[in-house]
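**Student:** Before we start, here is the structure in question, set down as structure tokens.
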Ligand code: MBD
Ligand code: FE
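Numbering (the working numbering), first residue to last: 1047 to 1349.
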């Protein structure tokens, strides 16, 4: 079809509006529809292909996998890269790199002061201790910062979504102490894989891609007057470290996993061998020149 005819049709649709609506929504939707009309025409998308795609999205939504799809298709990475760019342009550099939130955060995890356990010890897994400080741009420790942490278990499954785990297993919010320290005891997570017979895997198969994430631990780190940091650290040595489904691995987010033993575990009530990660988070001060990093995103809350 002539582009002119497509544009004329789009104009007719836009002009059918009888009230103002929302200008921002109109701008975005009109642009997306235009791009899709062009795509359908350029690629000669058949009616069968169109309805297959629409049905696919409906089913993906019903199965709760749209967040997973957004990560797997690189949308979440792209939003991060745009934030990075905005910060760079505003001269805001340094600080712990951000990386994606992913679809598996659950609000309302128990709060701990300074140190705590993320698990109740009744499930298997190699003991992990992670510790460090939350710092400001001048490397001054931030007392009372909140470190929200969540990760998968030894099988790569997340509590709440995996009903075999106790409520909030491997999910806690830790308040830093007067010296800006946080520490927690947990188990080393395994990598996550998308549901093998789900809608995401179905599309990944068509794209010739795998659905695996390397083992990782998620964080939201926040403190008054500072930019909220959404990030993850990876467990070094994972075969998918640089082949992540969600493209979330970044330089600076792969700390060394130390093998500790003996009296090193005493402060955390650990006997014997355990994995130890030292990691400081650095937050930037909030400023008006860059978009805020707090995101309104629907998530699960509760048990
Ligand atoms: C995860 O654990 C995750 O972090 C992302 C981004 C997608 C799926 C599962
Ligand atoms: Fe995850």
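Glycine is no exception: its CB is placed at the ideal position from the N, C-alpha and C atoms.
#1: Mapping the DSSP letters down to three states, classify residue 1088 as helix, strand or coil.
#2: Among 1309, 1278 and 1283, which has the Cα closest to the Cα of residue 1296?
#3: Residue 1292 and residue 1123: beta carbons closer than 8 angstroms?
#4: Which whole runs of the beta strand (DSSP E) in the stretch 1208-1283 are 3 residues long or more, in chain order?
#5: Compute the distance between the beta-carbons of residue 1114 and residue 1246, then report whether it is under 8 angstroms.
#6: Let me know if residue 1094 comes out buried or exposed under the rule of 16 or more other beta-carbons within 10 Å of its beta-carbon.
#7: Cutting at 8 angstroms between CB atoms, please list the residues of its own chain near residue 1230, excluding the five before and the five after it.
#8: Looking at the unbroken alpha helix (DSSP H) that takes in residue 1134, where does it start and where does it end?
#9: Can you tell me which of the three DSSP states residue 1178 falls into?
#10: Inspect the CB distances between the stretch 1240-1259 and the stretch 1298-1315 and report whether three or more fall short of 8 angstroms.
#11: Any heavy atom of the ligand FE inside 7 angstroms of the beta-carbon of residue 1314?
#12: In terms of alpha-carbon separation, which member of 1216, 1091 and 1290 lies closest to residue 1154?
#13: I'd like to confirm something about residue 1225: is its beta-carbon nearer than 7 angstroms to some heavy atom of the ligand FE, or not?
#14: Apart from the five residues on each side of it in sequence, which residues of its chain come closer than 6 angstroms, Cβ to Cβ, to residue 1211?
#15: Do residue 1228 and residue 1152 count as a contact pair if the criterion is CB distance below 8 angstroms?
#16: So, for residue 1319: in the same chain, excluding its five sequence neighbours on each side, which residues have a beta-carbon less than 6 angstroms away from its beta-carbon?
#17: Out of 1294, 1276 and 1232, state which residue places its alpha-carbon closest to the alpha-carbon of residue 1316.
#18: In terms of DSSP beta bridges, what is residue 1161 paired with?
#19: Expressed to the nearest angstrom, what Euclidean distance is found between the alpha-carbon atoms of residue 1104 and residue 1248?
#20: Enumerate in chain order the residues of its own chain whose CB-to-CB distance from residue 1120 is below 7 angstroms, with the five nearest sequence positions on each side excluded.
#21: Whose C-beta lies closer than 6 angstroms to the C-beta of residue 1111 among residues of the same chain, with five residues either side of it excluded?
#22: According to DSSP, residue 1196 sits in a beta bridge with which residue or residues?
#23: Once DSSP output is grouped into helix, strand and coil, what is the label at residue 1152?
#24: Considering just the uninterrupted stretch of the beta strand (DSSP E) at residue 1320, what are its terminal residues?
#25: Output the boundary residues of the beta strand (DSSP E) element that contains residue 1306.
#26: Which residues mark the beginning and the end of the alpha helix (DSSP H) in which residue 1114 is found?
**Tutor:** Answer, in terms of the structure:
#1: The residue you call residue 1088 lines up with position 42 of the chain shown. Assignment of residue 1088 by DSSP, reduced to helix, strand and coil, places it in the helix class.
#2: Numbered from its first residue, the chain shown carries residue 1296 at position 250. Here the closest residue by C-alpha is 1278.
#3: For the purposes of this step, residue 1292 is taken as the residue at position 246 of the chain shown. For the purposes of this step, residue 1123 is taken as the residue at position 77 of the chain shown. Yes.
#4: Qualifying beta strand (DSSP E) stretches, in chain order: 1217-1221, 1227-1233, 1262-1268 and 1275-1280.
#5: For the purposes of this step, residue 1114 is taken as residue 68 along the chain shown, with counting starting at 1. For the purposes of this step, residue 1246 is taken as residue 200 along the chain shown, with counting starting at 1. In this structure, residue 1246 lies closer than 8 angstroms to residue 1114 by Cβ.
#6: Translated into the one-based positions of the chain shown, residue 1094 becomes position 48. The residue in question, residue 1094, is exposed, as its Cβ has fewer than 16 Cβ neighbours within 10 Å.
#7: Here residue 1230 refers to the residue found at position 184 of the chain shown. Its chain contains 1158, 1161, 1162, 1163, 1164, 1175, 1176, 1177, 1195, 1218 and 1220 as the residues whose beta carbon lies nearer than 8 angstroms to that of residue 1230, once the 5 sequence neighbours on both sides are disregarded; these appear in chain order.
#8: For the purposes of this step, residue 1134 is taken as the residue at position 88 of the chain shown. Per DSSP, residue 1134 belongs to the alpha helix (DSSP H) from 1121-1135.
#9: As a working note, residue 1178 is residue 132 in the chain shown. In this structure, DSSP gives residue 1178 an extended state, which the three-state scheme calls strand.
#10: In short, these stretches do not touch, since the Cβ pair count stays below three.
#11: Position 268 of the chain shown, counting from 1, holds the residue named residue 1314. Result no, Cβ not under 7 angstroms from the ligand FE.
#12: Your numbering for residue 1154 matches position 108 in the chain shown. Closest option to residue 1154, Cα to Cα, is 1216.
#13: Translated into positions along the chain shown, residue 1225 becomes position 179. The answer is no for residue 1225.
#14: In the chain shown, counting from the first residue as 1, residue 1211 sits at position 165. Cβ within range, chain order: 1205.
#15: The residue labelled residue 1152 in the question sits at position 106 within the chain shown. The residue labelled residue 1228 in the question sits at position 182 within the chain shown. No. Outside cutoff.
#16: Stepping through the chain shown from its first residue, residue 1319 is reached at position 273. Closer than 6 angstroms at the Cβ level, and outside the excluded window around residue 1319, lie 1307.
#17: Counted from its first residue, the chain shown places residue 1316 at position 270. With distances taken between CA atoms, residue 1316 lies nearest to 1232 out of 1294, 1276 and 1232.
#18: Residue mapping note: residue 1161 aligns to position 115 of the chain shown, counting from 1. The partner list for residue 1161 (beta bridge, DSSP) reads 1229.
#19: The sequence position of residue 1104 within the chain shown is 58, counting from 1. The sequence position of residue 1248 within the chain shown is 202, counting from 1. Between the alpha carbons of residue 1104 and residue 1248 lies a gap of roughly 14 angstroms.
#20: Against the chain shown, residue 1120 aligns to sequence position 74. Within the same chain, residue 1120 has close Cβ partners 1293.
#21: Within the chain shown, residue 1111 is the residue found at index 65, counting from 1. Cβ neighbours of residue 1111 within its own chain (closer than 6 angstroms, five residues either side excluded): 1244, 1245 and 1246.
#22: Numbered from its first residue, the chain shown carries residue 1196 at position 150. Beta bridge pairing from DSSP links residue 1196 with 1217 and 1264.
#23: The sequence position of residue 1152 within the chain shown is 106, counting from 1. Three-state result, residue 1152: strand.
#24: Position 274 of the chain shown, counted from the first residue, corresponds to residue 1320. Per DSSP, residue 1320 belongs to the beta strand (DSSP E) from 1320-1324.
#25: Residue 1306 sits at position 260 when you count from the first residue of the chain shown. It spans 1304-1306 - the beta strand (DSSP E) in which residue 1306 sits, taken as one unbroken run.
#26: Here residue 1114 refers to the residue found at position 68 when the chain shown is read from its first residue. It spans 1112-1118 - the alpha helix (DSSP H) in which residue 1114 sits, taken as one unbroken run.
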